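Here the structure is laid out as structure tokens; the discussion comes afterwards.
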Amino acid sequence: MRPLEDVGKNGWTMEDFSVMMVACFYCEVYVIIVLKSFLRFSSNLLLLLIIKTAKMTSETSELEILQMKASQITDESLESTRRMLQLAEETEDVGMKTINMLSDQGEQLDRIEEDMDVIHTDMREAEKNLTGMEKCCGICVCPCGKATDFKTDSAAWRNNEDGKVINSQPQRVVDNRNGAGPTTGGYVQRITHDAREDEMEENMQQVSSIIGNLKNMAIDMGSEIDSQNQQLGQDQYEGTIK
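Every letter in the sequence shown is one number past the one before it in numbering that gives the first Met the number 0, and letter 70, counting from 1, is 69.
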């Protein structure tokens, strides 16, 4: 083993060697502390990045879920407006057929009324002829007695105004209520702002227009039915007159 006297031969002393060893030790400790701090900072930074990324991913997922739900609701609403439009068109078609049937029925009642007027005229003429024959041929006495006078009062038969045949159908009753829907804005609240909402708006406008037509059809039907009921009542009364 090298004696302590040889330590100073190269200019190194034991104290210098100890100081150098301590300095190296502290340097190593400092480096270790710095590395440990850096690793801790890096770990914290990485953790923050992971948390932020996860949060952004979660927000993105929630946004995508909301968009998917909005798209699904829009599709369902579009199908609903299509079904509404189909039902409205079918109802309008039924209403048109009903109006045509009522019109044909009204024409039949008019023809019946004309025939009854002709029968009434013929019976009045026959009554006049029978009365003239009784005056001219007094020797021909009817075994049943004198013929019953033909009823000519206004209670039995209508006057000239009532005897007119109705050649035109009742006019539409004016209704000041507007059933065309809102004049500003629209029927559909815009969410996705795509072609589906445009079709929904168009379908709702058509449905509103058809509903207005159906209301006018109902008014026409009511007027026509009232007129035909009056005709039927008058014809039934005239048919019971003897």
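Even for Gly, the Cβ is constructed at its ideal location relative to N, Cα and C. Just so we're clear, the structure is a prediction, and the values are computed from it rather than from any experiment.
- Only residues of its own chain outside the window of five on either side were considered, and among them none has a CB closer than 6 Å to the CB of Gln107.
- C-alpha of Thr120 to C-alpha of Gly232: approximately 20 Å in a straight line.
- Around the Cβ of Glu113, a 10 Å sphere holds fewer than 16 other Cβ atoms; the residue is exposed.
- If you draw a straight line from the Cα of Ile98 to the Cα of Gln204, it is about 24 Å long.
- In the displayed model, Val187 falls within coil according to three-state DSSP, outside both helix and strand.
- Assigned with DSSP and collapsed to three states, His119 falls in helix.
- Assignment of Asp197 by DSSP, reduced to helix, strand and coil, places it in the helix class.
- Distance between Met216 and Tyr186, taken at the CA atoms: about 24 Å.
- Around the beta carbon of Val33, fewer than 16 other beta carbons lie within 10 angstroms, which makes this residue exposed.
- With respect to Thr52, Thr191 sits apart: the two C-beta atoms are not nearer than 9 Å.
- The C-alpha of Ser208 is placed about 60 Å away from the C-alpha of Leu47.
- Residue Leu77 holds the alpha-carbon nearest to the alpha-carbon of Asp193 among Asp219, Leu77, Arg110 and Lys214.
- A straight line joining the alpha-carbon of Gly211 with that of Leu62 spans about 41 Å.
- For the 9 Å CB-CB criterion, Leu101 and Glu196 do not form a contact.
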